[in-house]
Amino acid sequence: MENNFLSIFGDYMDEPCRSLFGGCDVLKLEADLPGKQLEVTVRSDKFIEASRVHECQQMIAKAAELTLVRLQMKYLPTLLTADCFPSLVEELKTLSGVVNGFFDGAGAVLENGRLQVELKNGGRDLLLQAGVDRLLQKLIHDRFSQRVEVEFTGVTELQKDNYEVPPPITVPENVLNARPAPRPAPQQRPYGGGGGGGGYSRRNSGVKEPTSVTIDFTDLQFRRDGAMLLKGRKITQPPMSLSEVNVMSGTVVVWGDIFSAESKVTRDGSKVILTYSFTDYTSSNTMKIIDDVKNQERYESLKAGTTILVRGDVVDDKYDREISIKPYDLMTVSRIPKTDDAEEKRVELHCHTKMSAMDAVCDAEDVIKTAHRWGHKAVAITDHGVVQAFPDAMKAVDGIRKGGGEFKVLYGVEAYFVNDCATAVRGKDSRPFSDEFVVFDVETTGLSAVTERLTEIGAVLLSGGEVKDRFSIFVNPEKPIPPKITELTSITDEMVADAPKEDEALSLFLEFVGNRPLVAHNASFDMGFLRAAARRQGKTVDNTSIDTLVMARSLYPELKKHKLDMVAEHLQVGDFHHHRACDDAEVLSRIFLKMTEKLEKEKDIHTVDTINAAMSGGDPKQLKTYHQILLVRNQAGLKNLYQLVSMAHVKYYHYRPRIPKSELIKYREGLLVGSACEAGELFQAIVEGKSFGELCDIASFYDYLEIQPLGNNEFMLASGQAADRQQLIDFNKTVIAIGEKLGKPVVATCDAHFLNPEDAAFRRILLAGMKFKDADQQAPLYFRTTDEM
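Read in the working numbering, the sequence shown has 502 at position 502, and its numbers run on one by one without any break.
In structure tokens form, the structure reads like this:
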């Protein structure tokens, strides 16, 4: 936003002010409508005295009937001169009471990036101790975008010895541009009372003993009844957010839950110092009370978990070196608990506890008590690969039942599932190995078949065990090729600039293929891109596909990895330019011939439709893991779940506890198998662009399918796995369509990792500790009510 200042505010000012602000532009405007406050960042081509700026603020506020107008001035660095110093001092006085008196009669010299302030009344040490030099540097940088060093010279020593050392000033990073508080700050008071925050009382009137009171805020986050006035007078103002409190806030009303309480008696035994740390879940602060020891009992209710409402002054605590609240009105209140008011309650089937190590922050007991209080009949506990939360969950349910309630825990696990029964062949082609096959490879602009595009297609036609024809074409992706992809494939934007676009290139390739089977290494990737391109062009690709990656895992278990270049080296089929489609297809054709020879000689397999029967699926420790939900139905299921979890940790552990599909099939009795989140096998196949028939084949293994709120999957937009929010909706719709096609239930889950939205901060700490770069952009994985869901 950039508008002429007078065009917006000219009607609210008199002629002298209009002439002063005639060359100014509005850079930014922030309004607090409920508080009738306005903050405006103004760029001026000439320096305006602070007193005149203040005069203009008052004039606009009065004319516009606002409680507060604040103009934040911005000047060019060239406008900073020593003549600006008196005006800067006036601004400093609104930020620090220490300034008063010490700068009277002071002069200033600005040379070579250094501002020398010549003092006339001494006090240099006190000014430095209070951080006034840093405050002045910050003020200059904020107004003039220029960094200067501040030095105090002249008369530096005090001539009197009765000055009390003021507390040091701690200035938050954006204090000078902080948003206005919801109410005007009071006039600055001298610092004679110290910064301890306890003994000062603004008024003597108020309760002498704790008294029950009624409150009535517009925003009813507290119960009207049950409030207790402990100190001062009843608070009727609504509280502000602790995140908005800073050293300039003055008098504030805030609320919070106490999470730490300490008491200390003074040396003479007459006073008690009570320190309370509290949070409103936007930020935290500290409140100190200094009172006679005999009055200590009145504060007995202030302990961890108590909710308080406080009115007091924001002070700079000279002992703790941080801002705190000096209370003069103090109440305890009861928060209105969150409720689920839906007539028909939901049941959460995907919830994590602290036992999902370094990933969730819920206590099983808290989850169960919350669900029961909301009127839910049950909740599923599904930690990552483990069952350690089950005893705590059982005890929580026992407590509910002893109290006459009814509730059920669905015991489960979010397993790390590996498909060791993976099929190499998808389709119904039954031709012999001596027939014709098209071995192909594609290069792309990225990994997602949904959002990325083809850049090259390379293929060879095998017939009777020999190469009969070749196909190679660049594809114009109509989007830039990322530098990392160019480095990997050697394909540049210039190489594909004049190439055929997707429609033409795909038509030529499909004409070359005909109805022959398609052979690829990691065929789900290559076939996914072909089918995604075909859908965009109104075409279909129904050819049978053969995956040599699955075949390699089964036929060459001695290899630790089965990438194309490693298999090629193992089989000694020759050198090639890896990650170029034409070269990859050529060498893969030789690999495929060796594989079919091995199948014929060692396993008596001679046709495409019998390949799958010969595949073992590979080592579960080397396969890709997917998330999968396992829920216990009965005692047999509980026993089988324990069996699977034990095997996952003892026999198949590799970075994480893995449950192979072959083992799950053996121990499936008494279990319900769910498709889980976006990291599940089905959802991943949808993202990869697999055909609806393939998706139904995958989904047929599951007892129920799962979708989640869009916010859970919004990270896919940043990673390029989804193009936009509508595509996230389409992913969920596809799951629903599969469920309808197969007659399987589709459930909506939270995938809860914390109980309340504000608890995301605790999980953020865990993720940051594990070096997750997106810890601050985590999904809203909180436990939702029916209406929220």
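Where a beta carbon is used, it is the ideal one built from N, C-alpha and C, also for glycine.
Keep in mind that this is a model prediction, so the values were computed, not measured.
Sequence-distant residues of the same chain with beta carbon closer than 7 Å to residue i, five excluded per side
{"i": "D363", "result": "T353 and K354"}
{"i": "M770", "result": "M358"}
{"i": "F9", "result": "I60"}
{"i": "S324", "result": "G197, N285, T286, M287, K288, V315 and D317"}
{"i": "I605", "result": "L599, I611 and A614"}
{"i": "G832", "result": "Residue 832 lies beyond the residue range present for the chain, which begins at 1 and ends at 789; the question has no answer from this structure."}
{"i": "M566", "result": "L559"}
Spatial neighbours of residue i in its chain, beta-carbon cut-off 6 Å, leaving aside the 5 residues before and after
{"i": "A679", "result": "H627"}
{"i": "P239", "result": "V253, V254 and W255"}
{"i": "N792", "result": "What the structure shows of the chain is the stretch from 1 to 789, and residue 792 is not part of that stretch, so it cannot be assessed."}
{"i": "C24", "result": "F5, V42 and S44"}
{"i": "V687", "result": "Q721"}
{"i": "S260", "result": "S277"}
{"i": "S87", "result": "E49 and A50"}
{"i": "V213", "result": "A227, L229 and K234"}
{"i": "L349", "result": "A380, V747 and T749"}
Coarse secondary structure for residue i, derived from DSSP in three states
{"i": "R590", "result": "helix"}
{"i": "P186", "result": "Note that P186 has pLDDT 38, beneath the 50 cutoff, so the model's placement of it is unreliable and the number below is only indicative. In this structure, P186 counts as coil in the three-state DSSP scheme."}
{"i": "I765", "result": "helix"}
{"i": "E65", "result": "coil"}
{"i": "G739", "result": "helix"}
{"i": "E436", "result": "strand"}
{"i": "P517", "result": "coil"}
{"i": "T489", "result": "helix"}
{"i": "V212", "result": "Here residue 212 is Ser; the residue named in the question, Val, does not match the sequence. Note: S212 maps to strand in three-state DSSP."}
{"i": "I605", "result": "coil"}
{"i": "V645", "result": "helix"}
{"i": "Q37", "result": "strand"}
{"i": "P239", "result": "coil"}
{"i": "G404", "result": "coil"}
{"i": "A775", "result": "helix"}
{"i": "V132", "result": "helix"}
{"i": "A357", "result": "coil"}
{"i": "C421", "result": "coil"}
{"i": "T793", "result": "In the structure displayed, the chain extends from 1 to 789; residue 793 sits before or after that span and is not available."}
{"i": "T279", "result": "strand"}
{"i": "G637", "result": "helix"}
{"i": "D441", "result": "strand"}
{"i": "T790", "result": "With the chain running from 1 to 789 in the structure shown, residue 790 is simply not present."}
{"i": "E569", "result": "helix"}
From the options, residue whose alpha carbon lies closest to that of residue i
{"i": "S507", "options": "N522, Q537, V496 and S284", "result": "Q537"}
{"i": "D774", "options": "L781, F783, Y782 and R764", "result": "R764"}
{"i": "V333", "options": "L623, M358, T307 and Y319", "result": "T307"}
{"i": "A718", "options": "S448, V132, K741 and F512", "result": "S448"}
{"i": "D316", "options": "L571, G131 and N112", "result": "G131"}
{"i": "R224", "options": "T279, I289, M331 and R580", "result": "M331"}
{"i": "D341", "options": "L349, T596 and W374", "result": "W374"}
{"i": "Y411", "options": "K345, A761, H579 and H384", "result": "H384"}
{"i": "V735", "options": "Q777, L682 and E504", "result": "L682"}
{"i": "A371", "options": "A768, D759 and L755", "result": "L755"}
{"i": "D703", "options": "D133, L630 and P757", "result": "L630"}
{"i": "K138", "options": "V89, P337 and C56", "result": "V89"}
{"i": "D760", "options": "V746, F783, A748 and I738", "result": "Here the sequence assigns Ala to residue 760, which means Asp is not the residue at that position. Among V746, F783, A748 and I738, the Cα nearest to that of A760 is on F783."}
{"i": "S646", "options": "F471, V386 and V265", "result": "V386"}
Status (buried if at least 16 other CB within 10 Å, exposed otherwise) for residue i
{"i": "P620", "result": "buried"}
{"i": "A497", "result": "exposed"}
{"i": "I481", "result": "buried"}
{"i": "L671", "result": "buried"}
{"i": "E443", "result": "buried"}
{"i": "E144", "result": "Note that residue 144 is Phe in the sequence shown, not Glu. Buried, since its Cβ has 16 or more Cβ neighbours within 10 Å."}
{"i": "A636", "result": "exposed"}
Residues near residue i by beta carbon distance below 8 Å, same chain, minus five either side
{"i": "E714", "result": "R725, L728 and A779"}
Residue-level contact to chain D via CB, residue i, 8 Å cutoff
{"i": "V475", "result": "Of the chains in the structure shown, none is chain D; there is only one protein chain."}
beta-carbon residue i near the ligand PLP non-hydrogen atom, thresh 7 Å
{"i": "I323", "result": "The ligand content of the structure shown is nil, which means the ligand PLP is not present either."}
contact_flag[the segment 578–597, the segment 642–661] where n(CB pairs < 8 Å) is 3 or more:
no
May I ask you to verify whether the segment 471–482 touches the segment 442–461, counting CB pairs closer than 8 Å and requiring at least 3?
yes
Could you tell me whether the segment 421–430 touches the segment 367–375, where touching means 3 or more Cβ pairs closer than 8 Å?
no
Could you check whether the segment 396–410 touches the segment 549–563, counting it as contact only if at least three pairs of C-beta atoms, one from each stretch, sit closer than 8 Å?
no
Touch check for the segment 742–749 and the segment 686–704: three-plus C-beta pairs under 8 Å?
yes
When the Cβ atoms of the segment 106–115 are set against those of the segment 65–73, are three or more pairs found closer than 8 Å?
no
Touch check for the segment 481–495 and the segment 569–589: three-plus C-beta pairs under 8 Å?
yes
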